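Chemist: Before I ask anything, here is the structure I am working with.
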Amino acid sequence: MSDEPGEPTPEAERRLAEHLELLRADRLQPGVALARRVVRTARWQRAVQAPLRVAGMIAGSLLDGILRLMAPGQRRR
7 MSDEPGEPTP EAERRLAEHL ELLRADRLQP GVALARRVVR TARWQRAVQA
57 PLRVAGMIAG SLLDGILRLM APGQRRR
């Protein structure tokens, strides 16, 4: 058994094309509130990116040190 989907049938391709055409025809403009939320989210994510990256590096270093103390003969990469 394979988890990969087989080749799409022409019927499935036709239905997909119909659905995509409906989506293409129904163009809704995003609201101003949505744009504000996206910009606000991007700003706070940018602000916390560096501290979270540093915290992750510190946590990784601490874990690496603990693992080396527990098994000093083994080298991990």
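Numbered by the working numbering, the letters in the sequence shown go through residues 7 to 83 in order. Every residue gets a Cβ at the ideal spot worked out from N, C-alpha and C, and that includes glycine. Everything numeric in this text was worked out from a predicted model, so none of it was measured.
So, helix, strand or coil for Gln55, using DSSP?
Modeler: What you label residue 55 is simply residue 49 of the sequence shown in a count that begins at 1. The answer is helix: DSSP assigns Gln55 an H, G or I state.
Chemist: Near Leu68, which residues of its chain fall below 6 Å by C-beta distance, leaving aside the five closest residues on each side in sequence?
Modeler: By 1-based counting over the sequence shown, the position of residue 68 is 62. Excluding residues within five positions, none has a Cβ falling inside 6 Å.
Chemist: Ends of the alpha helix (DSSP H) at Glu34?
Modeler: Against the sequence shown, residue 34 aligns to sequence position 28. Here residue 34 is Leu; the residue named in the question, Glu, does not match the sequence. From DSSP, Leu34 is part of no alpha helix (DSSP H); its letter is neither H nor E.
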